[in-house]
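Residue numbers (the numbering used here): -14 to 456. Glycine residues also receive a C-beta, built at the ideal position from the N, C-alpha and C atoms. Below is one structure; the comments refer to it alone.
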Ligand SMILES: Cc1cc2nc3c(=O)[nH]c(=O)nc-3n(C[C@H](O)[C@H](O)[C@H](O)COP(=O)(O)OP(=O)(O)OC[C@H]3O[C@@H](n4cnc5c(N)ncnc54)[C@H](O)[C@@H]3O)c2cc1C
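Structural data, given as structure tokens:
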């Protein structure tokens, strides 16, 4: 049983205590529809593909059929160049943190699409440069080296070349093998260079025949770029600054939750207006030495109450180790909420929450708040040993309050018995295939669990996950 004195002094425990004193609660009514706009992933994907089709059409109506080799190269260069320009715009839009997109598609999926799209865009830029170079060399009857020198004499092409070099730097630092060796701050600084690259590319496109040839196209292309620039500025700069001024968040308590794990309570003014939902996360910037320069993503580990937000952080690296040394009173800038691992994804009455390690944090908040009667919600929590279980007493209290099933699955990942194997899952969760599954854990565990759930009969569309590696 949790310590009662601690509970009384802890604002987030109050409702649990109150519930415990009362007779068994009636099943909560379904959550009212939230006034939050959400763009479904499929719609966004179709819109992106539709935009690419429109760009290809723009190229098609301007292309002049010709049997000449230089015209063939030029035509290919125009198509790849237009698609690359459009692709850059999409990459920026995916990272603009527009709430309807963040809440509907999810930050991790957006980051994965951004990474995949980045590879396509780099390929298109490379193809565009090569085709343009070949076309120019054939046209001027020179070799590729002379043609390169000639092309670089054009201002717009020199700008595009500088932009390409920056994009290549972004691509190289994002490659898995390099990314794990580069500090996050360096990776982010190089990524900011990508904005300059996009601007240089835009200058280049405005000078090219496909865009410059028509006033209407020039206008539409500029409008699309202007819109994305405004969205980026608004949601990545204006909104966080406004929220910082409005809510004046400060650390009110840091408490030990176990080896290397602390919970941080942050309070401010009008926090409820942030409309943060259980399962979502914020990007936190703690204004103290060693932490202010980086915004770290952490999920809410409890629902928002009394203008208080709570995160639970495992010390894994330089920044997370410093978080345990935070003191009450430290100013906090939090941008968000982000993420789509929320109640709105639910499609079934029965829900399985499957957590691994510190992935328990968003699921802890959902475990308490997802509507449902006795037996509707099950939490499976995988950890290597009992000492690694975070927020254990709270989880047990919630399970008792709402008569939900709670299983701790202990054991090392290389043990011969796998508690997340399809048979073991079906044994722990009868009627597993009729559940929605919310999943959050280390990437390897999440991948294996997803495959096992599918083998156990849960459709992939009903597995909702959050990836702590992408945001
Ligand atoms: C959506 C989301 C929710 C998360 N929720 C929690 C949570 O509730 N509790 C918890 O303990 N951890 C959570 N994490 C993980 C946590 O953000 C990282 O462990 C933390 O940023 C590592 O920082 P570090 O400097 O201490 O570690 P490092 O060793 O420096 O970094 C470890 C890893 O974290 C990544 N990382 C570092 N800084 C950032 C940053 N500013 N933004 C994004 N990634 C970064 C790096 O790419 C690296 O792979 C979450 C991650 C995401 C993406």
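Can you give the Cα-Cα distance for residue i and residue j, rounded to whole angstroms?
{"i": "residue 182", "j": "residue 73", "result": "9 Å"}
{"i": "residue 104", "j": "residue 97", "result": "11 Å"}
{"i": "residue 167", "j": "residue 154", "result": "12 Å"}
{"i": "residue 429", "j": "residue 127", "result": "53 Å"}
{"i": "residue 129", "j": "residue 307", "result": "54 Å"}
{"i": "residue 450", "j": "residue 87", "result": "14 Å"}
{"i": "residue 194", "j": "residue 213", "result": "23 Å"}
{"i": "residue 289", "j": "residue 219", "result": "25 Å"}
{"i": "residue 336", "j": "residue 314", "result": "38 Å"}
{"i": "residue 236", "j": "residue 287", "result": "15 Å"}
{"i": "residue 78", "j": "residue 292", "result": "31 Å"}
{"i": "residue 303", "j": "residue 383", "result": "33 Å"}
{"i": "residue 8", "j": "residue 447", "result": "With a pLDDT of 41 at residue 8, under the threshold of 50, the modelled position of this residue cannot be trusted; read the value that follows with caution. Cα to Cα, the separation comes out at about 34 Å."}
{"i": "residue 68", "j": "residue 234", "result": "43 Å"}
{"i": "residue 341", "j": "residue 172", "result": "27 Å"}
{"i": "residue 441", "j": "residue 418", "result": "7 Å"}
{"i": "residue 321", "j": "residue 284", "result": "10 Å"}
{"i": "residue 16", "j": "residue 263", "result": "Residue placement at residue 16 is poorly supported in this model, since its pLDDT is 47, which falls under 50; the coordinates still yield a value, given next. Near 12 Å, if we compare the C-alpha coordinates of residue 263 and residue 16."}
{"i": "residue 444", "j": "residue 33", "result": "26 Å"}
{"i": "residue 353", "j": "residue 295", "result": "14 Å"}
{"i": "residue 43", "j": "residue 27", "result": "24 Å"}
{"i": "residue -3", "j": "residue 162", "result": "Any answer about residue -3 is weak, because its pLDDT of 39 lies below 50 and its placement is not dependable; what the coordinates show is given next. Their Cα atoms are separated by approximately 41 Å."}
{"i": "residue 138", "j": "residue 56", "result": "21 Å"}
{"i": "residue 299", "j": "residue 25", "result": "32 Å"}
{"i": "residue 58", "j": "residue 117", "result": "6 Å"}
{"i": "residue 48", "j": "residue 266", "result": "47 Å"}
{"i": "residue 249", "j": "residue 231", "result": "20 Å"}
{"i": "residue 388", "j": "residue 420", "result": "17 Å"}
Do residue j and residue i count as a contact pair if the criterion is CB distance below 8 Å?
{"i": "residue 364", "j": "residue 374", "result": "no"}
{"i": "residue 487", "j": "residue 423", "result": "Summary: the structure shown does not reach residue 487, with the chain confined to residues -14 through 456, and so no result is reported for it."}
{"i": "residue 361", "j": "residue 330", "result": "no"}
{"i": "residue 144", "j": "residue 188", "result": "yes"}
{"i": "residue 152", "j": "residue 107", "result": "yes"}
{"i": "residue 325", "j": "residue 36", "result": "no"}
{"i": "residue 309", "j": "residue 247", "result": "yes"}
{"i": "residue 260", "j": "residue 344", "result": "no"}
{"i": "residue 272", "j": "residue 316", "result": "yes"}
{"i": "residue 405", "j": "residue 434", "result": "yes"}
{"i": "residue 492", "j": "residue 81", "result": "For residue 492 there is no data in the structure shown, the boundaries of the chain being -14 and 456."}
{"i": "residue 297", "j": "residue 242", "result": "yes"}
What span of residues does the beta strand (DSSP E) with residue i cover, start to end?
{"i": "residue 423", "result": "421 to 425"}
{"i": "residue 321", "result": "316 to 323"}
{"i": "residue 284", "result": "281 to 284"}
{"i": "residue 220", "result": "It is not in any beta strand (DSSP E) - residue 220 carries neither H nor E in the DSSP assignment."}
{"i": "residue 339", "result": "336 to 341"}
{"i": "residue 295", "result": "293 to 299"}
{"i": "residue 363", "result": "362 to 368"}
Does ligand 2 have a heavy atom nearer than 7 Å to the CB of residue i?
{"i": "residue 240", "result": "Looking at this structure, you won't find ligand 2 anywhere; what it does contain is ligand 1."}
Return yes when at least one heavy atom of ligand 1 lies under 7 Å from the C-beta of residue i, else no.
{"i": "residue 267", "result": "no"}
{"i": "residue 306", "result": "yes"}
{"i": "residue 346", "result": "yes"}
{"i": "residue 92", "result": "yes"}
{"i": "residue 169", "result": "yes"}
{"i": "residue 302", "result": "yes"}
{"i": "residue 158", "result": "no"}
{"i": "residue 282", "result": "yes"}
{"i": "residue 352", "result": "no"}
{"i": "residue 343", "result": "yes"}
{"i": "residue 123", "result": "no"}
{"i": "residue 324", "result": "yes"}
{"i": "residue 451", "result": "yes"}
{"i": "residue 286", "result": "yes"}
{"i": "residue 127", "result": "no"}
{"i": "residue 289", "result": "no"}
{"i": "residue 297", "result": "yes"}
{"i": "residue 363", "result": "no"}
{"i": "residue 279", "result": "yes"}
The alpha helix (DSSP H) spanning residue i covers which residue range?
{"i": "residue 381", "result": "377 to 387"}
{"i": "residue 121", "result": "92 to 125"}
{"i": "residue 243", "result": "Element bounds for residue 243: not the alpha helix (DSSP H) but the beta strand (DSSP E), 234 to 243."}
{"i": "residue 43", "result": "26 to 47"}
{"i": "residue 262", "result": "Element bounds for residue 262: n/a, residue is neither H nor E."}
{"i": "residue 304", "result": "303 to 308"}
{"i": "residue 394", "result": "First-last for residue 394: 390 to 395, but that is the beta strand (DSSP E), not the alpha helix (DSSP H)."}
{"i": "residue 408", "result": "407 to 413"}
What are the uninterrupted segments assigned as alpha helix (DSSP H) that are 4 or more residues long and contained completely in the stretch 129 to 159, given in chain order?
129 to 137, 140 to 159
Go through the stretch 174 to 214 residue by residue and report every complete run of the alpha helix (DSSP H) that reaches 4 residues or more, in order.
194 to 197
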